[in-house]
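The next block holds one structure in the form of structure tokens; read it before the comments.
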Amino acid sequence: MKIKKADGTPVEYKLFYNLPGTGAPIRFETPGDDPTLGQGAGHVNPGTIVNQLTPPDSGYTAEMVIYLDKLGYTDPYAEIPVLINIFDPDGFDDGTTTGSYHKMWWGSEWGGQNLEF
0 MKIKKADGTP VEYKLFYNLP GTGAPIRFET PGDDPTLGQG AGHVNPGTIV NQLTPPDSGY
60 TAEMVIYLDK LGYTDPYAEI PVLINIFDPD GFDDGTTTGS YHKMWWGSEW GGQNLEF
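Under numbering that gives the first Met the number 0, the first residue of the sequence shown is numbered 0, with each subsequent residue one higher.
Structure (structure tokens):
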């Protein structure tokens, strides 16, 4: 998720089940890996094994909390620009390991990409 701080500076939060390894935990990343900027958690439904492709699964959920005051917002009625990018690389095999995927141009953490929102 890309969100603009109150001063207009864009920052990114990431919440994903794409760490390598069968049964890998969810990963939450904040700008600069600062834990005071938010929280993220996931729940794997019974019968689901993350990064295991053989049996069918029943899915998972992921939830994130962003502390808007830490991004400079003080007005509870402020409009807050956000961009949400949802992807599901489950089962993607780029020739390395399950849980890996080939990053493409749509990501914005690479320099030179001026994605406006």
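Positions of the beta carbon are idealized from the N, C-alpha and C atoms, including for glycine. Note that the structure is a prediction, hence the values are computed from the model and not measured.
query	result
Candidates Lys-4, Asp-33 and Gly-20: closest to Asn-50 by CA position	Gly-20
Contact check, Leu-117 vs Gly-31, beta carbons under 8 Å	For the chain, the structure presents residues 0 to 116; residue 117 sits outside this window and is missing.
Beta carbon of Ile-65 nearer than 8 Å to that of Gly-41	no
Alpha-carbon to alpha-carbon, Val-81 and Pro-135	One cannot answer for residue 135 here, as it falls past the ends of the chain, which runs 0 to 116.
Reduced DSSP secondary structure (H/G/I, E/B, other) of Leu-18	coil
Coarse secondary structure for Leu-52, derived from DSSP in three states	coil
Best match in Met-0, Thr-47 and Thr-8 for proximity to Gly-71 [C-alpha to C-alpha]	Thr-8
Own chain, CB closer than 8 Å to Asp-6, minus 5 neighbours either side, in chain order	Gly-71
Residue burial classification, Ile-2 (beta-carbon count within 10 angstroms, cutoff 16)	buried
Beta-bridge pairing of Thr-60 - partner residues as DSSP gives them	His-42
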